[in-house]
Structures are given as structure tokens and as C-alpha cells.
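Working notes, beginning with the structure itself.
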Amino acid sequence: SSIPPLRTNDWDPVANDWVYINDYGVSPTPSIGLDGTIYILGKSGNLHAITRHGTQISKINSNWPVALPRYTEDTLVELTGSPAIGMDGEIYVKSWEGFFNFTLSSIKPDGVLNWNQSIESSDIFTAGDPVLTSDGNVFVTAWGLQIINRSTGNIDWENSNYFGGGTSAIDNQGNIYVEYGPAFLTLERDNSIPDVVSYLGVSPERYGPNDTMFGSQPAISENGTLYVAGGEGLYVWNAASEGAHKSTWPMFGGDARRTFDVRTNYDQISVVKIEEPADGRYFDLGSTVTFRAAATDTDLIDISSNIEWVSNVDGLIGTGAVIQYSQLSDNYHEITARVTDSNGVVLSAKTNILVCAYDDLDADNLPDCYEFAWGLNPADPSDASADLDGDGLSNIDEFNLGTHIANPDTDYDHIPDGFEVDQGSNPLAIDSDTDLDGDGYDNMQTYVASVLPDNNVPVINIIEPADGAEYNEGDTVILSATANDAEDGDLGSNIIWSSDVDGALGTGTAINVSLGAGAHVITASVTDSGTANAQPATTTANVSVQVHHSTAVPGDVNGDGVLTVADVVLVQQHVLGIAALTQEQVSIVDLYPPQAPDGVITISDVLLMQQSLVNGGQ
182 SSIPPLRTND WDPVANDWVY INDYGVSPTP SIGLDGTIYI LGKSGNLHAI TRHGTQISKI
242 NSNWPVALPR YTEDTLVELT GSPAIGMDGE IYVKSWEGFF NFTLSSIKPD GVLNWNQSIE
302 SSDIFTAGDP VLTSDGNVFV TAWGLQIINR STGNIDWENS NYFGGGTSAI DNQGNIYVEY
362 GPAFLTLERD NSIPDVVSYL GVSPERYGPN DTMFGSQPAI SENGTLYVAG GEGLYVWNAA
422 SEGAHKSTWP MFGGDARRTF DVRTNYDQIS VVKIEEPADG RYFDLGSTVT FRAAATDTDL
482 IDISSNIEWV SNVDGLIGTG AVIQYSQLSD NYHEITARVT DSNGVVLSAK TNILVCAYDD
542 LDADNLPDCY EFAWGLNPAD PSDASADLDG DGLSNIDEFN LGTHIANPDT DYDHIPDGFE
602 VDQGSNPLAI DSDTDLDGDG YDNMQTYVAS VLPDNNVPVI NIIEPADGAE YNEGDTVILS
662 ATANDAEDGD LGSNIIWSSD VDGALGTGTA INVSLGAGAH VITASVTDSG TANAQPATTT
722 ANVSVQVHHS TAVPGDVNGD GVLTVADVVL VQQHVLGIAA LTQEQVSIVD LYPPQAPDGV
782 ITISDVLLMQ QSLVNGGQ
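So in our numbering, the last spot in the sequence shown is 799, and the numbers never skip.
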């Protein structure tokens with residue numbers, strides 16, 4: 182659910198901005214990217230992406246949801262935990278591969294798999310959620326401790342002497358806190374190689390009898406205090422540089438004076454971001470290329486002037502926030518902008534550019550080397566007007582604009598480059614939250630509204646009971662129906678059942694109820710989630726059923742539990758041939774002869790009903 186700020190009833194479902202329900206239930210902990218995209222695991226094995234407005238990215242990008250590797254033979258232990266989001270927008274998430282293994286996956290913001298890494302584990306419960314180290318790599322715990330290279334997916338470092346349980350925590354100095362049974366290990370980073378330097382344990386006199394593992398993600402305060410929930414309380418440590426230490430809280434007695442100031446600010450992290458050149462750009466051999474990036478330290482101190490620019494082909498090419506360089510070799514270059522923050526952590530960002538001599542065999546204004554690099558034909562001028570990545574921009578447009586010819590969303594803001602160009606926004610910068618035309622809707626909402634159809638009304642069909650079905654009071658009545666929606670799919674679990682006599686009956690595709698006596702109109706209703714273009718739509722279906730009293734009142738032909746004038750009139754109409762009673766109704770009003778009813782309704786039965794009515798009926 183999305184709950185707007187400053188509401189007094191923040192947790193009232195009616196007040197929610199939107200509610201997203203899908204995939205047989207979801208993990209309890211979503212993660213949010215820098216652009217506001219929400220990532221959450223579904224129990225059926227999918228990683229979902231949702232815009233901050235509640236639109237499923239799958240409706241505008243067929244790569245989503247991303248199906249993750251999972252152990253298909255198990256239906257109990259499925260996907261759990263929370264994804265980790267890198268500063269470049271990449272998503273790191275674990276999934277259970279089977280007994281003794283889980284998979285760590287790296288997913289690009291456009292839903293394309295970057296890599297999978299299989300990691301040994303006893304089960305998914307001893308495999309902690311991934312967390313990102315200060316240099317952007319991925320730390321995981323299982324039957325050992327591992328650091329996974331964010332670019333390659335390879336294991337850069339591991340320690341098999343320890344195994345972790347819950348999710349770890351990392352402060353901005355690079356120190357890693359890892360749950361280790363009823364304790365925490367502190368791993369201090371030194372030149373990217375962790376070393377266990379502290380064991381934060383709970384002594385027996387403090388450790389509760391129900392505590393076997395903490396089982397929750399630790400949190401680090403601004404002064405370096407580590408908080409974690411255990412089975413019998415909240416435990417707190419002040420981080421120390423060496424030795425084993427007792428928990429300072431809960432206070433079961435003992436020393437609470439061990440302190441060590443760890444300079445930590447969870448509100449800010451060091452960041453470096455390349456502003457130009459854009460990924461995939463072409464430059465003529467010998468031309469001057471401008472490199473621009475920004476970097477901030479943990480206290481928002483600008484450290485951009487310290488950025489080093491490195492080519493994987495030519496090595497170090499300059500230092501500074503903005504440099505210009507004209508000596509790049511004829512090659513495809515991976516350019517890295519790297520900087521060291523005040524804590525000694527090396528930060529980096531990457532972009533790729535093509536540098537080559539300009540030759541144009543087919544005179545289509547696309548350099549031959551550019552065409553070779555992206556699989557085009559340098560002897561065919563018609564491919565300049567083609568659209569390699571299907572984003573609405575021709576190949577020659579991509580070349581001239583500097584957008585990526587093989588990536589439909591160069592800036593990874595979930596809006597195709599072609600749409601951004603048409604609308605006047607920047608396909609090279611994340612601006613999905615900008616309201617370009619001032620209409621009150623940001624660029625993402627405008628794009629979603631342009632590609633999603635108007636909302637289709639959901640379809641609901643009552644399977645049982647059949648219209649006109651009859652029951653006796655106390656019978657179990659099965660209510661079942663199907664509900665489907667063109668946009669939302671199966672909505673069976675959202676069906677709401679009600680009776681005009683008994684009121685609300687329950688929710689779901691099939692429920693069992695017991696109805697009170699009388700004539701009921703049973704209603705099944707379902708509401709979809711709507712679209713960016715339309716409000717949610719509700720569809721209803723109805724059937725009528727009759728529930729008879731368990732003990733029939735003689736003469737009560739209409740089944741309402743009492744003998745009334747209405748019953749007498751109905752029987753008179755039957756005798757006169759105006760109406761016809763059912764066999765069950767005949768048995769109820771067959772009163773004559775009193776000791777041996779004859780199965781035939783005559784005026785004598787009517788007279789006995791009238792006499793009974795006068796003596797005590799209504």
C-alpha cells in the first residue's frame with residue numbers, strides 16, 4: 182500500500198493512495214530505488230517493479246515481472262526477504278535454488294538479467310538478504326560470508342569459518358555487522374578485504390531462554406549504536422574495535438559502559454554519478470570528449486574535483502569533475518569515474534563509448550565502425566531509418582541525439598527514449614518525476630496514461646448457487662464464482678458476497694455460509710484496480726434463493742415462518758386455478774382431512790387455514 186504523508190488515519194486502507202495485490206502474496210519488505218520505483222518479491226517466484234503511483238511496470242515493459250530461479254518442487258519455502266538497490270539502479274535479490282543452494286541475481290532497471298551466482302546454503306533461512314558494501318559490491322551470508330563483484334557476479338572474497346543468519350548491516354565506514362548465532366561479528370574493511378575484529382555476544386545471564394537467533398535486520402544509529410530484535414527483547418551494542426562484549430540492553434544487570442564512537446550517518450551515503458558522456462555514445466577518432474561527473478561525501482561535501490577518469494584501454498586520462506580529452510585510442514572504451522571518500526572507500530561509476538575513424542561506405546550518416554559495433558550493415562543505407570531497440574527513434578536519430586541505439590531507455594527511468602523526445606523531456610537524464618507540461622501529472626504518469634488502455638470492467642460469474650435454488654434453514658450453502666479483469670487478471674480472491682437479508686457474507690472465490698430463513702438475493706461483487714486513465718470499476722452479479730424454516734408451520738405456503746392472510750390468498754388462487762403450488766407447498770397446506778391428509782388441496786383446506794388464522798395467525 183502507498184500511504185500519503187500527514188494523514189491522521191495513515192493506516193486506514195480507505196486512505197491509501199493505491200493498493201497493489203498480486204502474485205499469491207508478497208514479501209513483507211519492499212525496496213525503493215532512487216527514482217521512486219518500488220521492488221517487491223512475489224511468492225510465485227517473481228520480482229515485481231511498481232511505479233511510485235502504483236502502476237505495475239509490467240504494463241509498460243514486458244521484461245517485468247522478472248522470473249527468478251527457484252526450487253519448483255517446494256511450495257512452503259518460497260521467496261522471502263528484501264532486494265538491495267545499487268546506486269546505479271541495479272537490483273540484487275536472492276531466490277531459493279533448492280536444498281543447500283540459493284541464487285543471487287543482478288537485475289538491471291529495465292528488467293534484463295545481468296548475472297546469476299549460485300551460493301551454497303543449508304536453506305533460505307540461513308541465507309541473509311543481500312546488502313551493499315561501501316564500494317558497491319554485494320555482501321551475502323550463508324554457509325560462509327561472501328562478497329560478490331557487482332559487475333561480474335564472481336565471488337571476490339569469502340570466509341567459510343562463519344555462517345550468517347539474518348540480514349547484515351553495513352556502516353558508511355565499510356564495517357560489516359553479521360549475525361552469528363546469538364551474537365554479531367564485526368568485519369572491518371581494510372583495502373577491500375574484510376577481517377573479523379570483534380565478537381558482540383550475549384552472555385548467558387543476559388540471554389533469554391527463547392533466543393536462538395535474532396532473526397531481524399540490524400539498524401545502526403548515527404552514533405554507531407547497533408540495534409537488533411531478539412526473541413525476548415531489543416538488544417543494543419555500542420560498537421567496539423576489539424574483543425567480545427556484552428549486550429548493553431535489555432538490562433539484566435552488568436556493565437553497560439563500553440562505548441566506541443563510530444562516525445555513522447545513515448541519512449547520507451557517498452555517491453559518484455557520471456553526467457556525460459552517455460552510455461553508448463560515438464566519438465570521432467581525435468575529437469575532444471568531455472567527461473563530467475559529480476561526487477559527494479557522507480556529509481554532502483563535494484569531492485568531485487578528486488574524481489579520476491580511467492579508460493580500460495588507455496588507462497588514467499585525467500582528474501576532476503569535468504575534463505576534456507582528445508587522445509583516446511580507436512577502440513570501444515569502458516570509462517570509469519572513481520573517487521575515494523573521507524572514509525577511504527573507493528566509489529566508482531562506469532559508462533561505455535565508441536571511438537573510431539569516421540568512414541561511411543553507404544553514405545547513411547552512420548559511421549561504419551558504429552554500424553559494425555551494433556550489428557548494422559555498413560553497406561546498406563536503409564538501416565539508418567530502422568529502429569534497432571524499438572523505442573520509437575530511428576537509428577540515425579539515436580546517433581544524432583546520443584541515446585543508446587540498443588537500449589530503449591537510455592537513462593533507465595522506465596520511459597522510452599522516443600516518448601521522451603516527443604514530449605520534450607531529456608532521454609539522457611532521469612526526469613520521470615518532473616511535470617514537464619505543468620498539468621499536475623509527472624512525466625511517468627503522462628507516459629503510463631498514453632500506453633495503457635481505458636479501464637475494462639471486470640467480469641464476474643456466479644457458479645453456485647443456481648438462481649432459484651431452495652434450501653432448508655441450517656443447510657450449508659456454497660457460494661462460488663469466478664472474476665477476471667483484462668488488466669488485473671484473476672480477481673477471484675477479491676469477490677465480496679452479501680445477502681439482502683443477512684448482509685455481508687464473506688470474501689473469496691468460494692465460501693460456505695448458513696442463511697437465515699426467507700427469500701434472499703445473493704450478490705457477488707468485485708472491484709478492479711483501475712488504470713492511469715480510469716478509476717476502479719465494480720461489477721456485480723445476483724441470484725435468488727429460498728431458505729425454508731427447518732420446521733414448517735402448517736399452511737405457511739410462502740415459507741416465511743408464520744401463517745398469514747397472504748398464505749390463504751395463495752392457496753385460494755391454487756384452488757381456483759390461478760396459481761400452482763409446488764409439491765412441497767402442497768404438503769404444507771394439505772390440512773384436510775385433519776387426521777389423514779389426502780394430498781389434494783380443496784376449499785376444505787382453505788377453510789381450515791382461515792380457522793387457524795382466526796385462532797392465532799395474522
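Glycine residues also receive a C-beta, built at the ideal position from the N, C-alpha and C atoms.
Taking Val640 as reference, the option from Ala544, Tyr652 and Val707 with the minimal CA-CA separation is Val707. By alpha-carbon distance to Ala475, the top candidate from Thr469, Ile484 and Trp277 is Ile484.
For Ala662, the number of other beta carbons within 10 angstroms of its own is at least 16, and it is reported as buried.
DSSP lists Asn642 as the beta-bridge partner residues of Thr663. For Tyr551, the enclosing alpha helix (DSSP H) begins and ends at Asp549 to Ala554. The alpha-carbon separation between Thr688 and Thr627 amounts to approximately 35 angstroms. If you look at Ser287, you'll find it in the beta strand (DSSP E) that goes Asn282 to Ile288. Between Gly619 and Phe600, the C-beta spacing is not below 8 angstroms.
Judged by beta-carbon spacing, Ala722 lies within the 8 angstroms limit of Asn642, meaning their Cβ atoms are closer than that value. For Leu751, the secondary structure class from DSSP, reduced to helix, strand or coil, is helix.
Non-local beta-carbon contacts of Trp296 in its own chain, meaning distances under 6 angstroms to residues more than five positions away in sequence, involve Ser287 and Gly334 in chain order. In the displayed model, Asn653 falls within a strand according to three-state DSSP. Under the DSSP assignment, Gly501 falls outside any beta strand (DSSP E); it carries neither an H nor an E label.
DSSP places Asn297 inside the beta strand (DSSP E), whose first and last residues are Leu294 to Glu301.
Taking the C-beta atoms as reference points, Val321 is found nearer than 8 angstroms to Leu285. When the five nearest sequence neighbours on each side are left out, the beta carbons in the same chain lying within less than 6 angstroms of the beta carbon of Asn558 are those of Asp564, in order along the chain.
Counted as a single uninterrupted DSSP element, the stretch harbouring Thr210 is not any alpha helix (DSSP H), since DSSP gives it neither H nor E.
With contact defined as three or more Cβ pairs closer than 8 angstroms, the region 774-781 and the region 725-745 are not in contact. Spatial neighbours of Asp623 in its own chain (CB-CB distance under 7 angstroms, excluding positions within 5 residues in sequence) are listed in chain order as Ser613, Asp614, Thr615 and Asp616. In the three-state reduction of the DSSP assignment, Ala565 falls in the helix class, which pools H, G and I. DSSP places Asn318 in the coil class of the three-state scheme, outside both helix and strand. For the region 682-764, the full-length alpha helix (DSSP H) segments reaching 4 residues or more read 746-756 along the chain.
In the structure shown, the three-state DSSP call for Gly780 is coil. Distance between Val682 and Leu696, taken at the CA atoms: about 9 angstroms. A straight line joining the alpha-carbon of Leu794 with that of Gln753 spans about 14 angstroms.
Under the three-state reduction of DSSP, Ile219 is assigned to strand.
Collapsing the DSSP output to three states places Val632 in a helix.
Between the region 517-527 and the region 545-555, the count of Cβ pairs shorter than 8 angstroms is below three; the stretches do not touch. Judged by beta-carbon spacing, Ser492 lies within the 8 angstroms limit of Ile516, meaning their Cβ atoms are closer than that value.
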